[in-house]
Structures are given as C-alpha cells and as structure tokens.
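Numbering-wise, the working numbering puts 106 at position 47 of the sequence shown, and it's gapless, one number per residue. Yeah, the Cβ is synthetic: ideal placement off N, Cα and C, and Gly gets one too.
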Amino acid sequence: MVVRIRLSRFGCKNKPFYRVMAADSRSPRDGKHLEVLGYYNPVPGQDGGKRMGLNFDSVKYWLSVGAQPSEPVQRILFRAGLLPPPPMMAMGRKGGPCDTRPIDPMTGRFLTQRNRSILRNKMILTLIKMTMWNVNPWHESLTAK
C-alpha cells in the first residue's frame, strides 16, 4: 500500500476548502483516508492571506514512514518549513521545457563555453579586487535596490 499525502476538497462551489490527508494512493480524492493531517483554505481571509493549519507531528511521522506528498501538498509543506523547495521546471512558450543554457546578464544572449569561462574569470577578479580593498561585495550600498 502506497500512502500519499494529498488534498481532499470540501466547501461549496467557488469557495474551496481542503483537508490535508494521508490516504492510500488507490482511493478516490474525497474517499477513504488514513488520517487528517491539517487543512488549507486558499480563499483569502480578512487579513488577505491564505490560511493553513497542520499537525506537524503527524506530518513528520507519515513522511518518515515513506508517504509521498502530492505537488500542491509539497508546496504547502515547503511554506510550513517541513520540506525543501519543490523542483521547478522552466516552461517554454508552448508549454514544453525551455532552453536551459546560461544567458549573459549584460547582452541577454546565450553563453558559449568560452564566454562562460571569461565571465567566471571576470567575476573572480572583481571579488579579488574587492577583498584587496576591503570592500564587502554584498554591502547594501553596492546591491541594486
């Protein structure tokens, strides 16, 4: 039995409310579950934010025994600080994966291997010069605002 941590939809039309559930992967979305782990309300409240509540001990237990979170639950658990950020896939114009070659920040063109090494060397030289002159490269006056 594969356990998934996923959302189960409640609420009425145009006002969704979700419960975070630990359920068998073969059961339907709103069907039988093993345990209710929390809730998620995507409709902004009076303070303007989305509300969620989780039972951290139960979530940690299910993750430790091998339960797999769904993608929306993975984002929720990331916001709660329980998981690392989910992997993001860059999308191109027509919905497919886009080109992942590095781009030169000055020209906006793709970097070749030679240009990458030149840019890397320039960055290293700049950092060496800044450390020689005792300048913090991350000082607030040097960063863009």
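Within 10 Å of its beta-carbon, does residue i have 16 or more other beta-carbons around it, so buried, or fewer, so exposed?
i      : result
Leu66  : buried
Val124 : exposed
Pro128 : buried
Val102 : exposed
Ile187 : exposed
Tyr182 : First, the residue type needs correcting, since residue 182 is Met and not Tyr in the sequence shown. Classification of Met182: exposed, given that the 10 Å Cβ count is below 16.
Under three-state DSSP, which class holds residue i?
i      : result
Ser67  : strand
Lys91  : coil
Ala149 : Residue placement at Ala149 cannot be trusted, given a pLDDT of 49 that sits under 50; what the coordinates show is reported in the next sentence. Coil at Ala149, not helix or strand.
Val62  : strand
Arg78  : strand
If you compare alpha carbons, which of the options is closest to residue i?
i      : options                          : result
Arg110 : Pro144, Thr185, Gly97 and Lys119 : Gly97
Pro60  : Lys74, Asp106, Ala126 and Pro75  : Position check: residue 60 holds Met in this sequence, whereas Pro was assumed. The shortest Cα separation from Met60 among Lys74, Asp106, Ala126 and Pro75 belongs to Ala126.
Lys91  : Val62, Leu113, Asn180 and Gly112 : Val62
Between the alpha carbons of residue i and residue j, how many angstroms are there, rounded?
i      : j      : result
Cys71  : Ser117 : 27 Å
Tyr99  : Leu184 : 49 Å
Gln105 : Trp121 : 32 Å
Asp89  : Arg68  : 7 Å
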